[in-house]
Amino acid sequence: QQQVKQSPQSLIVQKGGISIINCAYENTAFDYFPWYQQFPGKGPALLIAIRPDVSEKKEGRFTISFNKSAKQFSLHIMDSQPGDSATYFCAASMSGTASKLTFGTGTRLQVTL
Amino acid sequence: DTAVSQTPKYLVTQMGNDKSIKCEQNLGHDTMYWYKQDSKKFLKIMFSYNNKELIINETVPNRFSPKSPDKAHLNLHINSLELGDSAVYFCASSQDLGGRSTFGPGTRLTVL
Chain A
1 QQQVKQSPQS LIVQKGGISI INCAYENTAF DYFPWYQQFP GKGPALLIAI RPDVSEKKEG
61 RFTISFNKSA KQFSLHIMDS QPGDSATYFC AASMSGTASK LTFGTGTRLQ VTL
Chain B
1001 DTAVSQTPKY LVTQMGNDKS IKCEQNLGHD TMYWYKQDSK KFLKIMFSYN NKELIINETV
1061 PNRFSPKSPD KAHLNLHINS LELGDSAVYF CASSQDLGGR STFGPGTRLT VL
């Protein structure tokens, strides 16, 4: 049972373009939605996160859009750069003692020159 | 300063052996985790400890035994290693349950 579904599996974007990765979740108890960036041979690193009380959060070139009613959220990378080439994971968690991050399946992004 | 560190970075061993992976965090976080990343890069929680107390054990075989000697350390011991245990194991920590997690660099375990 995949509680967080992520698409696409892979994405090729030209330098300067917009990269968009989508996620959908099932559990309405989730209240924290982070995106992680992972480079080969490294651990995932938190990129940006959102809570369901806002519909959008922007940090530099990275924006999360959140649609609570549709149970969907997405990552937009503006002006994509070759250095953004990495695997991106969406995740979700809920507050409480049994809390944990439930990850999507990952999107491999390649930004070409 | 490394926030979450793991040793060793690489571990190659034979089936049936017992091995341990160590994790330390210097962030002062209360909660620590072990995640497994398989060959398809899927990340899945294995265990979670909060203030040295086990709070999540995500249907992991009992060959895997985590130990938290103190709040800053969470080690993972694996008995009778199997081929299917080959993966990258990540330690992580967070201040709040379910909140922002900081991951370690990972330990790539290869079972031959």
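Sequence order for the protein chains is A and B. Here the first sequence is numbered in our numbering, starting from 1 and rising by one per residue. Here the second sequence is numbered in our numbering, starting from 1001 and rising by one per residue. Each residue gets a CB set at the ideal place from its N, CA and C atoms; glycine is no exception. No experiment lies behind these values; they were computed from the predicted model shown.
Nearest to residue 7 of chain A (by Cα), restricted to the options A/113, A/103, A/111, A/112: Here the question's residue 7 of chain A lines up with position 7 in the first sequence. The shortest C-alpha separation from residue 7 of chain A is found at A/103.
Which word fits residue 1031 of chain B, buried or exposed, when buried means at least 16 other C-beta atoms lie within 10 angstroms of its C-beta? Here residue 1031 of chain B is taken as the residue at index 31 of the second sequence, counted from 1. It is buried - the Cβ of residue 1031 of chain B has at least 16 other Cβ atoms within 10 Å.
Below 6 angstroms CB to CB, which residues in the same chain sit around residue 72 of chain A once its five sequence neighbours on both sides are set aside? To locate residue 72 of chain A, count along the first sequence from 1; it is residue 72. 24, listed in sequence order.
Please tell me whether residue 1060 of chain B and residue 1082 of chain B are closer than 8 angstroms, where the distance is taken between their beta carbons. Counted from its first residue, the second sequence places residue 1060 of chain B at position 60. Counted from its first residue, the second sequence places residue 1082 of chain B at position 82. The Cβ-Cβ distance between residue 1060 of chain B and residue 1082 of chain B does not fall below 8 angstroms.
Out of B/1013, B/1026, B/1040, state which residue places its alpha-carbon closest to the alpha-carbon of residue 1005 of chain B. Here residue 1005 of chain B refers to the residue found at position 5 of the second sequence. For the residues B/1013, B/1026, B/1040, the minimum Cα distance to residue 1005 of chain B belongs to B/1026.
For residue 75 of chain A versus residue 91 of chain A, is the C-beta spacing smaller than 8 angstroms? Here the question's residue 75 of chain A lines up with position 75 in the first sequence. Here the question's residue 91 of chain A lines up with position 91 in the first sequence. The answer is no: Cβ separation not under 8 angstroms.
With H, G and I counted as helix, E and B as strand and the rest as coil, what does DSSP make of residue 1070 of chain B? Looking up residue 1070 of chain B in the second sequence gives position 70. Residue 1070 of chain B falls in the strand class under three-state DSSP.
Interface partners of residue 1041 of chain B on chain A, CB under 7 angstroms: In the second sequence, the residue the question calls residue 1041 of chain B occupies position 41. The answer, in chain order, is 87, 106.
When you compare only the Cα positions, how much space is there between residue 66 of chain A and residue 1013 of chain B? Residue numbering aside, residue 66 of chain A sits at position 66 when the first sequence is read from its first letter. Residue numbering aside, residue 1013 of chain B sits at position 13 when the second sequence is read from its first letter. Just so you know, the alpha carbons of residue 66 of chain A and residue 1013 of chain B end up roughly 44 angstroms apart.
Hey, would you say residue 36 of chain A sits closer than 8 angstroms to residue 45 of chain A, going by beta carbons? Within the first sequence, the letter at position 36 stands for residue 36 of chain A. Within the first sequence, the letter at position 45 stands for residue 45 of chain A. In this structure, residue 36 of chain A lies near residue 45 of chain A, with their beta-carbon atoms less than 8 angstroms apart.
Using DSSP bridges, identify the partner residues of residue 1058 of chain B. By one-based count along the second sequence, residue 1058 of chain B stands at place 58. Under DSSP, residue 1058 of chain B forms no beta bridge with any residue.
Quick one: list the residues of chain A neighbouring residue 1021 of chain B, beta-carbon separation under 8 angstroms, in chain order. By one-based count along the second sequence, residue 1021 of chain B stands at place 21. Taking a Cβ-Cβ threshold of 8 angstroms, none of the residues of chain A is close to residue 1021 of chain B; the smallest such distance is about 13 angstroms.
Whose Cβ in chain B lies nearer than 7 angstroms to the Cβ of residue 43 of chain A? Reading the first sequence from its first residue, position 43 is the one you call residue 43 of chain A. The contacting residues are 1090, 1103, 1104, 1105, 1106.
Same chain, Cβ closer than 8 angstroms to residue 1018 of chain B, five either side skipped, listed in chain order: The residue given as residue 1018 of chain B occupies position 18 in the second sequence. Answer for residue 1018 of chain B: 1077, 1078, 1079, 1080, 1081, listed in chain order.
Rank B/1064, B/1109, B/1010, B/1028 by C-alpha distance to the C-alpha of residue 1101 of chain B and give the top, closest one. Within the second sequence, numbered from 1, the residue matching residue 1101 of chain B stands at position 101. Answer by Cα proximity: B/1028.
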